[in-house]
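Visitor:
Chains as they are written, first to last, in this note's numbering: chain U, 570 to 854; chain Z, 138 to 387.
1) Using a Cβ cut-off of 8 Å (strictly closer), state whether residue 243 of chain Z contacts chain U.
2) Does the structure place the region 598-613 of chain U close enough to the region 756-776 of chain U that three or more beta carbon pairs sit under 8 Å?
3) Under 8 Å between beta-carbons, which chain Z residues line up against residue 750 of chain U? List them in chain order, please.
4) In the DSSP output, what is residue 141 of chain Z paired with across the bridge?
5) Hey, how far is the Cα of residue 304 of chain Z from the Cα of residue 848 of chain U?
6) Using a cut-off of 8 Å between C-beta atoms, extract the partners of residue 227 of chain Z located in chain U.
7) Can you tell me which of the three DSSP states residue 199 of chain Z falls into?
8) Quick one: give me the first and last residue of the beta strand (DSSP E) that residue 334 of chain Z is part of.
9) Any beta carbon of chain U sitting closer than 8 Å to that of residue 233 of chain Z?
10) Between U:816, U:582, U:633, U:704, which lies nearest to residue 785 of chain U when the distance is taken from Cα to Cα?
11) According to the neighbour-count rule (16 or more other Cβ atoms, all chains shown, within 10 Å of its Cβ), is residue 637 of chain U buried or exposed?
12) Is residue 364 of chain Z helix, strand or coil by DSSP?
13) Rounded C-beta distance between residue 287 of chain Z and residue 265 of chain Z? I'm assuming under 8 Å.
14) Would a C-beta distance cut-off of 8 Å place residue 615 of chain U and residue 752 of chain U closer than the cut-off?
15) In chain order, what residues of the same chain lie with their CB nearer than 6 Å to the CB of residue 625 of chain U, ignoring the 5 residues before and after it?
16) Among all the DSSP beta bridges, which residues are the ones paired with residue 171 of chain Z?
17) Taking residue 649 of chain U and residue 708 of chain U to be in contact with their CB atoms under 8 Å, please state how far apart those CB atoms are, rounded to whole angstroms.
18) Counting only C-beta atoms, is residue 174 of chain Z closer than 8 Å to chain U at any point?
19) Could you tell me whether the Cβ of residue 764 of chain U comes closer than 8 Å to any Cβ of chain Z?
20) Is residue 181 of chain Z buried or exposed, if buried means 16 or more other CB atoms sit within 10 Å of its CB?
21) Once the 5 residues before and after residue 300 of chain Z are set aside, which same chain residues still bring their CB inside 7 Å of it?
22) Check whether the region 351-358 of chain Z and the region 166-179 of chain Z touch, using three or more Cβ-Cβ pairs below 8 Å as the test.
23) Just how far apart, CA to CA, sit residue 378 of chain Z and residue 362 of chain Z?
24) Can you tell me where the beta strand (DSSP E) with residue 250 of chain Z in it begins and where it stops?
25) Can you check whether the CB of residue 192 of chain Z is closer than 8 Å to the CB of residue 306 of chain Z?
26) Does residue 284 of chain Z come within less than 8 Å of chain U when only Cβ atoms are used?
27) Under 8 Å between the Cβ atoms of residue 716 of chain U and residue 737 of chain U?
28) Could you tell me whether the Cβ atoms of residue 554 of chain U and residue 831 of chain U are closer together than 8 Å?
29) Is the distance from the Cβ of residue 729 of chain U to the Cβ of residue 760 of chain U below 8 Å?
30) Answer yes or no: do residue 189 of chain Z and residue 742 of chain U have a C-beta to C-beta separation smaller than 8 Å?
31) I need the boundaries of the beta strand (DSSP E) containing residue 226 of chain Z, first residue and last residue.
32) Mind checking if residue 709 of chain U is an interface residue toward chain Z, Cβ cutoff 8 Å exclusive?
33) Between the C-alpha atoms of residue 258 of chain Z and residue 373 of chain Z, what's the straight-line distance to the nearest angstrom?
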């Protein structure tokens with residue numbers, strides 16, 4: 570029985586299935602590679618120091634994306650600054666303090682749903698909620714992104730809080746530590762990796778966001794400091810990409826921005842992997 | 138003199154009654170062992186004594202539990218202070234993922250001691266008290282999770298001693314350890330009873346005989362028998378105790 574060879578029919582079926590799976594891998598890899606290479610080939614030749622370091626001018630008929638880079642940095646910083654305390658705080662409350670499991674379940678479900686909503690809806694709501702009161706400005710965009718990223722930060726923090734062993738909490742309570750001390754000294758240090766992962770995911774999402782910002786943050790290309798910048802309308806890199814490609818037909822600039830965004834995304838994913846590795850190592854010690 | 142007096146105490150998890158009308162007086166500076174088959178309520182009862190059961194939702198407790206005459210459930214009692222006086226060592230060693238030093242200093246820092254010299258003294262005396270000082274004195278700054286299981290458990294005992302409790306509750310402190318670590322912990326526990334009142338849950342009857350002065354036998358949520366260990370094991374008063382310690386069930 571054991572040394573009997575497979576029947577020819579089964580052999581060819583095995584071969585066929587293996588071939589099909591190989592084909593799907595090849596297609597997936599080829600598509601990704603094509604996209605990457607195409608964008609980089611189109612984009613990199615258009616990246617010049619002048620493009621990176623100036624703002625667009627109608628007088629000299631030149632295009633620079635410095636304001637868009639700055640706007641992106643501002644909006645990322647402002648959003649994280651607001652969303653982090655909110656999301657982490659909510660996660661801590663829900664996992665450590667809340668006693669009504671039903672309400673917690675409902676909030677978690679709502680958060681899950683919220684993170685699946687198309688971003689243009691956030692844009693629409695953000696426009697009515699924020700832009701109509703404070704004007705079209707980066708801050709309005711940032712607040713919209715806060716709502717959008719809140720579920721992500723909250724859920725990743727929560728998941729990470731759940732991985733902190735219950736025995737740590739028991740040990741600390743057993744020594745007479747109060748709730749907040751247990752959270753601050755034992756629970757929070759154990760979930761830093763989750764918070765950082767959430768942050769990195771959010772940064773990636775903010776970088777890639779256009780629809781929500783089209784409604785709320787505007788399209789201006791002015792070089793500002795952080796505070797003035799947040800109060801003024803401005804385009805992030807992704808929005809600028811849309812504007813240059815769709816409205817001005819500047820495909821070279823659009824591809825340059827695309828290449829920059831792509832490299833940034835790779836770097837962010839790389840950072841996320843690095844952080845996770847670092848904390849996994851520290852935890853297993 | 139008794140450190141803890143329990144009168145007519147019942148405990149429910151939701152609708153399920155886990156402990157029925159427990160009455161017991163735990164004597165000072167001695168080792169009291171709680172024995173009984175799995176699920177008999179001995180650990181649940183132990184965790185009631187320093188109100189660790191407060192952390193579990195849906196637990197309801199009736200009756201009277203007094204620590205040195207004070208009702209531990211009264212409004213005036215600060216639960217954190219109670220747990221400072223009644224320390225706990227858990228079944229699985231649970232050092233925090235910090236340095237050995239910070240583990241021991243955690244309790245004292247929690248209760249407001251920040252002076253470095255004072256902390257150093259407490260850490261040393263707690264580690265000496267748990268008979269582990271010589272093994273760790275050169276690596277106090279190393280992560281506690283790098284120690285062996287037996288060392289971790291003695292570290293946890295030292296951590297509990299560092300807040301100067303009066304009573305130590307131990308929930309099967311050796312069940313996750315090898316025989317050599319177990320005998321070291323047993324020796325340590327017998328030394329500790331000179332200064333502390335010790336209540337220990339164990340599923341190992343030989344351990345109860347070896348270490349304890351008093352034994353309480355639990356069955357199906359009831360305290361069946363409580364008395365001097367020698368008496369309980371040589372002349373059990375209750376047929377069920379006899380059946381259990383002679384291995385007829387368990």
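Glycine included, each C-beta is placed from N, C-alpha and C at the ideal position.
Guide: The relevant details are as follows:
1) Indexing the second chain from 1 puts residue 243 of chain Z at position 106. Closer than 8 Å to some Cβ of chain U, the Cβ of residue 243 of chain Z qualifies, so yes.
2) no
3) Within the first chain, the letter at position 181 stands for residue 750 of chain U. Per Cβ cutoff of 8 Å: 247.
4) On the second chain, residue 141 of chain Z is found 4 positions in, with the first residue counted as 1. Residue 141 of chain Z is bridged to Z:163, Z:204.
5) On the second chain, residue 304 of chain Z is found 167 positions in, with the first residue counted as 1. On the first chain, residue 848 of chain U is found 279 positions in, with the first residue counted as 1. Straight-line Cα distance between these residues: approximately 37 Å.
6) Translated into the one-based positions of the second chain, residue 227 of chain Z becomes position 90. Here the neighbours are 736, 739, 740, 743.
7) Mapped onto the second chain, residue 199 of chain Z falls at position 62. In this structure, residue 199 of chain Z counts as strand in the three-state DSSP scheme.
8) Reading the second chain from its first residue, position 197 is the one you call residue 334 of chain Z. It spans 334-338 - the beta strand (DSSP E) in which residue 334 of chain Z sits, taken as one unbroken run.
9) Within the second chain, the letter at position 96 stands for residue 233 of chain Z. Cβ-Cβ to chain U under 8 Å: yes for residue 233 of chain Z.
10) On the first chain, residue 785 of chain U is found 216 positions in, with the first residue counted as 1. It is U:704 whose Cα lies nearest to the Cα of residue 785 of chain U.
11) Position 68 of the first chain, counting from 1, holds the residue named residue 637 of chain U. Classification for residue 637 of chain U: buried.
12) What you label residue 364 of chain Z is simply residue 227 of the second chain in a count that begins at 1. Three-state result, residue 364 of chain Z: strand.
13) The residue you call residue 287 of chain Z lines up with position 150 of the second chain. The residue you call residue 265 of chain Z lines up with position 128 of the second chain. Not really, about 17 Å apart at Cβ, beyond 8 Å.
14) If you number the first chain from 1, residue 615 of chain U lands on position 46. If you number the first chain from 1, residue 752 of chain U lands on position 183. Contact flag unset, no.
15) As a position in the first chain, residue 625 of chain U is number 56, starting the count at 1. Once the five neighbours on either side are set aside, the close Cβ partners of residue 625 of chain U are 632, 633, 790.
16) Reading the second chain from its first residue, position 34 is the one you call residue 171 of chain Z. Bridge partners of residue 171 of chain Z: Z:338, Z:353.
17) As a position in the first chain, residue 649 of chain U is number 80, starting the count at 1. As a position in the first chain, residue 708 of chain U is number 139, starting the count at 1. Wrong, their Cβ atoms sit about 14 Å apart, outside the cutoff.
18) For the purposes of this step, residue 174 of chain Z is identified with residue 37 of the second chain, where counting begins at 1. No - not a single Cβ of chain U is within 8 Å of the one on residue 174 of chain Z.
19) Looking up residue 764 of chain U in the first chain gives position 195. Closer than 8 Å: no.
20) Here residue 181 of chain Z refers to the residue found at position 44 of the second chain. By the neighbour-count rule (16 or more Cβ atoms within 10 Å), residue 181 of chain Z is buried.
21) Sequence index remark: in the second chain, residue 300 of chain Z carries index 163 (1-based). Within the same chain, residue 300 of chain Z has close Cβ partners 221, 224, 244, 245, 248.
22) yes
23) Stepping through the second chain from its first residue, residue 378 of chain Z is reached at position 241. Stepping through the second chain from its first residue, residue 362 of chain Z is reached at position 225. So the alpha carbons of these two residues sit roughly 7 Å apart.
24) By 1-based counting over the second chain, the position of residue 250 of chain Z is 113. Segment: none, residue 250 of chain Z is in no beta strand (DSSP E) and carries neither H nor E.
25) Indexing the second chain from 1 puts residue 306 of chain Z at position 169. Indexing the second chain from 1 puts residue 192 of chain Z at position 55. Cβ distance not < 8 Å, so residue 306 of chain Z and residue 192 of chain Z don't count as in contact.
26) Residue numbering aside, residue 284 of chain Z sits at position 147 when the second chain is read from its first letter. Not closer than 8 Å to any Cβ of chain U, the Cβ of residue 284 of chain Z fails to qualify, so no.
27) For the purposes of this step, residue 716 of chain U is taken as residue 147 along the first chain, with counting starting at 1. For the purposes of this step, residue 737 of chain U is taken as residue 168 along the first chain, with counting starting at 1. Cβ atoms of residue 716 of chain U and residue 737 of chain U: not closer than 8 Å.
28) The requested residue 554 of chain U is not part of the displayed model; chain U covers only 570 to 854.
29) Here residue 729 of chain U refers to the residue found at position 160 when the first chain is read from its first residue. Here residue 760 of chain U refers to the residue found at position 191 when the first chain is read from its first residue. Cβ distance < 8 Å, so residue 729 of chain U and residue 760 of chain U count as in contact.
30) Taking the first residue of the second chain as 1, we reach residue 189 of chain Z at position 52. Taking the first residue of the first chain as 1, we reach residue 742 of chain U at position 173. It is a contact, given that the beta carbons lie within the stated cut-off.
31) Within the second chain, numbered from 1, the residue matching residue 226 of chain Z stands at position 89. First-last of the beta strand (DSSP E) with residue 226 of chain Z: 223-226.
32) Locating residue 709 of chain U in the first chain gives position 140, where the first residue counts as 1. With 8 Å as the cut-off, residue 709 of chain U does not count as an interface residue toward chain Z.
33) The residue given as residue 258 of chain Z occupies position 121 in the second chain. The residue given as residue 373 of chain Z occupies position 236 in the second chain. So the alpha carbons of these two residues sit roughly 46 Å apart.
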